[in-house]
Amino acid sequence: MGFAAGRRGALLDAAVAAAGLLYASLLAVLSFGYTVEARVFALVAAAAGIVTAVVYLVASVREYRATAPDAPQTEREGAERRGVWRRLLFVAALILGSIVVLYLFGVYAFGFAFAVAFLRFFARHSWRTTLQLAIGLTAFDYVMFAMVFDLTFDAVGVLLQ
Amino acid sequence: MTEAILEGVGRALAGPGPLIILLGTVYGMLVGVLPGISGAVGMILIVPVTFAWPLDHALLLFAAAWGGSSYGGAITAILINIPGESTNAMTTLDGYPMAKQGRASEALGASALATALGATIGIVVLIATIPVLRSVVLFFGPAEFFALALLGIAVIAFVSGESVVKGLFSGALGLLVGLHGFNPITGVSRFDFGTLYLQDGIPLFPVFIGMFAMAQAIELAVHHRTVIDVAEQAPMAVSFAGFVRGMRAVFTHFGLFVRSSIIGTIVGAIPGPGGAVATFLAYGHAVATAKDKSGFGKGDIRGVIAPEASNDAKDGGSLMPTLAFGVPGTVASGVMLLALQFHGVRVGPELLGPNLALVFVLLTSLFASNWITSIIGLLLARWLAKLSIVPTTMISAVVIVTSVAGALATRGLFEDVLVMLAFGVVGYLFILRKVPIVPMVIALLLVKVLETSLNQVLQIGDGSPALLWTRPISLVLLVAIALIVASPLIRPALRSIRR
Chain A
-7 MGFAAGRRGA LLDAAVAAAG LLYASLLAVL SFGYTVEARV FALVAAAAGI
43 VTAVVYLVAS VREYRATAPD APQTEREGAE RRGVWRRLLF VAALILGSIV
93 VLYLFGVYAF GFAFAVAFLR FFARHSWRTT LQLAIGLTAF DYVMFAMVFD
143 LTFDAVGVLL Q
Chain B
77 MTEAILEGVG RALAGPGPLI ILLGTVYGML VGVLPGISGA VGMILIVPVT
127 FAWPLDHALL LFAAAWGGSS YGGAITAILI NIPGESTNAM TTLDGYPMAK
177 QGRASEALGA SALATALGAT IGIVVLIATI PVLRSVVLFF GPAEFFALAL
227 LGIAVIAFVS GESVVKGLFS GALGLLVGLH GFNPITGVSR FDFGTLYLQD
277 GIPLFPVFIG MFAMAQAIEL AVHHRTVIDV AEQAPMAVSF AGFVRGMRAV
327 FTHFGLFVRS SIIGTIVGAI PGPGGAVATF LAYGHAVATA KDKSGFGKGD
377 IRGVIAPEAS NDAKDGGSLM PTLAFGVPGT VASGVMLLAL QFHGVRVGPE
427 LLGPNLALVF VLLTSLFASN WITSIIGLLL ARWLAKLSIV PTTMISAVVI
477 VTSVAGALAT RGLFEDVLVM LAFGVVGYLF ILRKVPIVPM VIALLLVKVL
527 ETSLNQVLQI GDGSPALLWT RPISLVLLVA IALIVASPLI RPALRSIRR
């Protein structure tokens, strides 16, 4: 995980801790709007969240300060790091795009579209392998959900309803 | 108890039971063989399939998949030096050198028998302790349940990652996520932000799928694109005579095998440490007690028998706290607990009393799958090992599509997919920064127990929590929690005193 190591890793730790702190604090404040019975455990959990998040945040900041600034990258390291970022963004875009397909055209269209896009354009498998796996996966989903378990997904595939 | 055993075994073997066990075992083996996908993820992915099933059948499938996954991982550990599961990592130390020496069959035979017999010992110990657990659980009131559930989270947070702080943070986050929705005491919806969706709380299955399956699939796709170097494979020739030699070795080193199985069962019974710790301890024990240690790491069969026996024996052990107290020690037992809760079964005195036959339905499947997986594994070892060189991108594609479909199948709500994706991102960040995921999901499973117990304690004490430290068992558990939580401060202080 070289692309999230060193100072950058410590910063990411701090961001995760800060998000946790914010979430725990929000629930702690909101819990005062409920009755005592509903509030007690919520406050206990929120206190645990706040304390652990603060300790995690402090540890991350200390680690950040104690870590020497990242040394200039070699060309190879830089290329590796950029490659990971590129792949991460590619996968995120594929998933989000496919979720739109899921909403508009339903679960089977999603499965097929995601498998084709992912295997062909991200993983660079041959068209033959891509189509074999995409069709197989979609068919498996259809057999399992539609035929064996008789499940319908009315919440998705809005354009086809 | 004999009646419950007979009824449980009868229910497990009735109707489609044997077929479900076989299917679950084969599925578990495939999951175990595939790199990067753990048995727990495999179990989570089949959860949606079982929504409409009777509880018996759902438990049979989960237990079979659970039992099937560990030997699948041993095959690849021995033949191509890639542990299918993290729990098979110790097996590579001697299993792979044996395979390189042309003794793959011997290692496979030894590991198959150690696996099946080890699991049997774990199950037998579990059955033997059921009467004790039934008595112990009667001593547990709300104070003890609260303290034990909290201890479970603390222990898991302590052992499941490199940093105790990160583990505790993960556990606390699980408690917070579990607060949304209807409160078990007042029936009032909390923290729903005015949405109907959050009134039911954040659904557990999509969270599980997101945190484990989705996060792991993204991580596999982005960071592990390389295919295993096929040139590194050991000779895959396997022979029946070799299998028999390996199996005989288990009896030659029977004392070590039994001790390793007991280590596995004990470690399994402690919430948190899991199979990796059990196999590490068993391997360490094998080395420490051997008169001739020179062969370890170079292809000593004892280095295969010890970790494999403990790895499968721990499953029986891990069911003890799960079934008696509702505190799951591993993700796999957590999924089992979730399935029981989903079908309205209450663990503890009820499960160990009137519902005891259900425990034996589960154990029959776990027992059978461990033996079936060993037999099938031996017959198909060469072909199964070749599955390990499936490109990880293909596995990622299958897991991502299945995760989305699985989240949707939970309740048919599109929002569940979004929740699954959101927790997939959280899980990926956790993997990236080595924040353990297990404490969070276990805490999420225990929120209701914790909140209900705490409120009962307060009701009994007229608003005072004193019951928590006036009951001896609860006090001991609370002291243990305090020591664990304070350990990041205590350890450096002790170190400086020693200096």
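These protein sequence lines map, in sequence, to chains A and B.
In this text, residue positions in the first sequence follow my numbering: the first is -7, and each later residue adds one.
In this text, residue positions in the second sequence follow my numbering: the first is 77, and each later residue adds one.
Just so you know, even glycine gets a beta-carbon here, dropped at the ideal spot from N, CA and C.
Which residues does DSSP pair with residue i in a beta bridge?
i, result
"B/Phe258", "B/Ser265"
Using the Cα positions of residue i and residue j, report the straight-line distance between them to the nearest angstrom.
i, j, result
"A/Val150", "B/Gly118", "30 Å"
"B/Phe284", "B/Thr328", "43 Å"
"B/Thr302", "B/Thr468", "Any answer about B/Thr302 is weak, because its pLDDT of 48 lies below 50 and its placement is not dependable; what the coordinates show is given next. Roughly 8 Å separates the two Cα atoms."
"A/Glu69", "A/Arg(-1)", "16 Å"
"B/Ala186", "B/Phe330", "11 Å"
"A/Gln124", "A/Ala147", "28 Å"
"A/Ala40", "B/Val240", "14 Å"
"B/Arg574", "B/Ile560", "20 Å"
"B/Val474", "A/Ala71", "28 Å"
"B/Met174", "B/Gly379", "10 Å"
"B/Ala204", "B/Ile381", "24 Å"
"B/Leu434", "B/Pro397", "16 Å"
"B/Pro515", "A/Ala20", "21 Å"
"B/Arg179", "B/Thr167", "14 Å"
"A/Arg78", "B/Val298", "9 Å"
"B/Tyr273", "B/Gly340", "42 Å"
"B/Leu209", "B/Leu395", "11 Å"
"B/Phe267", "B/Leu98", "44 Å"
"B/Lys524", "A/Phe102", "35 Å"
"B/Ser211", "B/Ala400", "10 Å"
Tell me which same chain residues have a C-beta within less than 7 Å of the C-beta of residue i, skipping the five on either side of it?
i, result
"B/Ser337", "Gly194, Ile197, Gly198, Ala385, Ser386 and Ala389"
"B/Ala556", "Leu227"
"B/Ala307", "Its pLDDT being 41, under 50, B/Ala307 is placed unreliably by the model, and the measurement read from it follows with that caveat. There are no such residues."
"A/Phe145", "Gly98 and Val99"
"B/Leu551", "Trp545"
"B/Ile507", "Ala291 and Glu295"
"A/Val49", "Rather than Val, the amino acid found at residue 49 of chain A in this sequence is Leu. Counting only Cβ-Cβ distances below 7 Å, and skipping sequence neighbours, we find Ala6, Ala9, Ala10 and Leu13."
"B/Gly402", "Leu413, Val423, Gly424 and Val525"
"B/Gly375", "Asp170, Pro173, Met174, Gln177 and Arg179"
Name the chain B residues whose beta carbon is nearer than 7 Å to that of residue i?
i, result
"A/Gly12", "Phe245 and Leu249"
"A/Tyr26", "Val264 and Arg266"
"A/Val83", "Ile294, Ala297 and Val298"
"A/Ala107", "Ala473 and Val477"
"A/Val155", "What is shown of chain A runs -7 to 153, which leaves residue 155 of chain A out entirely."
"A/Leu143", "Ala485"
"A/Leu80", "Val298"
"A/Thr44", "Val241, Leu244, Phe245 and Ala248"
"A/Leu129", "Val474 and Val477"
Whose Cβ in chain A lies nearer than 8 Å to the Cβ of residue i?
i, result
"B/Ile261", "Glu29 and Ala30"
"B/Arg509", "Ala(-4), Gly1, Leu4, Asp5 and Val8"
"B/Glu527", "Phe33"
"B/Asn531", "Glu29, Val32 and Phe33"
"B/Pro467", "Ala115 and His117"
Under 9 Å between beta-carbons, which chain A residues line up against residue i? List them in chain order, please.
i, result
"B/Met470", "Leu111, Ala115, His117, Thr121 and Leu125"
"B/Leu428", "Neighbours of B/Leu428 on chain A: none; closest Cβ ~27 Å, over 9 Å."
"B/Val255", "Here residue 255 of chain B turns out to be Leu, not Val, going by the sequence shown. Result: Leu19, Ser23, Phe33, Ala34, Ala37 and Ala38."
Leaving out the 5 sequence neighbours to the left and right, which residues in its chain are closer than 6 Å to residue i when beta-carbon positions are compared?
i, result
"A/Glu55", "Ala2"
"B/Thr163", "Gly351, Ala352, Thr355 and Asn387"
"B/Phe499", "Val283, Gly286 and Met287"
"B/Ala358", "Ser336, Ile339, Ala382, Pro383 and Ser386"
"A/His117", "Leu111"
"B/Ile151", "Gly453, Ala457, Leu460 and Ala461"
"B/Met323", "Gly185 and Leu189"
Give the residues of chain B in contact with residue i, contact being defined as C-beta atoms less than 8 Å apart.
i, result
"A/Phe137", "Ala481 and Ala485"
Can you pull the chain B residues whose beta carbon is under 9 Å from the beta carbon of residue i, in chain order?
i, result
"A/Tyr158", "The requested residue 158 of chain A does not occur in the structure, where chain A is confined to residues -7 to 153."
"A/Gly103", "Val477, Thr478, Val480 and Ala481"
"A/Ala16", "Ala248, Leu249 and Leu252"
Residues of chain A with a CB under 7 Å from the CB of residue i: which are they?
i, result
"B/Phe490", "Tyr95, Ala147 and Val148"
"B/Val534", "Looking at the sequence provided, one finds Leu at residue 534 of chain B rather than Val. Neighbours of B/Leu534 on chain A, chain order: Val32."
Using a Cβ-Cβ cutoff of less than 8 Å, which residues in the same chain neighbour residue i once the five nearest sequence positions on both sides are dropped?
i, result
"B/Met105", "Gly144, Ser145, Tyr147, Gly148, Thr449, Ile452, Gly453 and Leu460"
"B/Ile206", "Met77, Leu428, Leu432 and Val435"
Practice item. Pair every Cβ in the stretch 244 to 263 of chain B with every Cβ in the stretch 507 to 524 of chain B, then say whether three or more of these pairs are closer than 8 Å. Key: yes
Review point. Are the stretch 368 to 379 of chain B and the stretch 409 to 417 of chain B touching, with three or more C-beta to C-beta distances below 8 Å?
Key: no
Check your understanding: Would you say the stretch 316 to 328 of chain B touches the stretch 488 to 496 of chain B, given that touching needs at least three Cβ pairs under 8 Å?
Key -> no
Review point. Do the stretch 425 to 440 of chain B and the stretch 132 to 141 of chain B make contact, defined as three or more Cβ pairs closer than 8 Å?
Key: yes
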